[in-house]
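Structure record follows, encoded as structure tokens.
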Amino acid sequence: MKLTPRKLNTFSMFKLPAAYLCGVRVKQLNEKQCVVSVKHRWINQNPFKSMFWAVQGMAAELSTASIMIGKIQESSKRISMLVVSNEAKYTKKATGRINFTCNQGDLIDETLNKAIETGEGQTVWLESVGVNKEGIAVSTFRFQWSVKVKS
């Protein structure tokens, strides 16, 4: 079964309700990249009238996780995945629609292949950059994912 933005958005409605209610939506997903979008609204704002950092983090994490979930499904292996660390940098007030993009599908392929070949857990740092409608980066998130083939 091919993973699609629609399937991921339905999944988030039931399994990630906070992200869904805040407006986090997968817009594009392919072998190389994932784009997750969220619009600044009353429900996801901070007291400074910009998007709350945690909402940005949910969107950024989903952009990295979605590619990995799809590739794990394609592998037909039982592989666990878990965020073990993260970093964030905020460079501009997040207002309007923010699109978070992770384009590291090739790096995910390498990491999963190594985990499958060696049978050992692997870690990989994946980056997601959030940009506003002017194309200006408002935040950059890095997530260290751990993957391991289940026995």
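Numbered continuously in our numbering, the sequence shown closes out at residue 346.
Beta carbons: idealized from backbone N, C-alpha and C, even for Gly.
Among all the DSSP beta bridges, which residues are the ones paired with residue 325?
295 and 334
The beta strand (DSSP E) that contains residue 276, what's its start and end?
274–285
Taking 8 Å as the threshold (C-beta atoms), are residue 289 and residue 333 in contact?
Against a cut-off of 8 Å, the Cβ pair of residue 289 and residue 333 comes out as a contact.
Quick one: which unbroken beta strand (DSSP E) runs of 3-plus residues sit fully inside the region 198–258? Chain order, please.
Within the region 198–258, the complete beta strand (DSSP E) runs of at least 3 residues are 220–224 and 229–234.
Starting from residue 300 and walking both ways along the alpha helix (DSSP H), at which residues does that stretch end?
300–313
Rounded to whole angstroms, what's the CA-CA distance from residue 243 to residue 293? Just pull it up for me.
17 Å
If you reduce the DSSP assignment to three classes, tell me which class residue 270 lands in.
If DSSP states are grouped into helix, strand and coil, residue 270 belongs with the helices.
Coil, strand or helix - residue 346 by DSSP:
In the structure shown, residue 346 sits in coil (DSSP, three-state: anything other than H, G, I, E or B).
Find the nearest neighbour of residue 219 within the set 227, 330 and 255, judged by alpha-carbon distance.
255
What does the Cβ neighbour count give for residue 268, buried or exposed, with the cut at 16 atoms within 10 Å?
That one is exposed.
Residues in the same chain with beta-carbon distance under 6 Å from residue 299, minus the five sequence neighbours each way, listed in chain order, please.
321
Quick test of your reading: residue 214 and residue 277, contact by CB under 8 Å. State the CB separation rounded to the nearest angstrom.
That belief does not hold up - the Cβ atoms of residue 214 and residue 277 are roughly 17 Å apart, past 8 Å.
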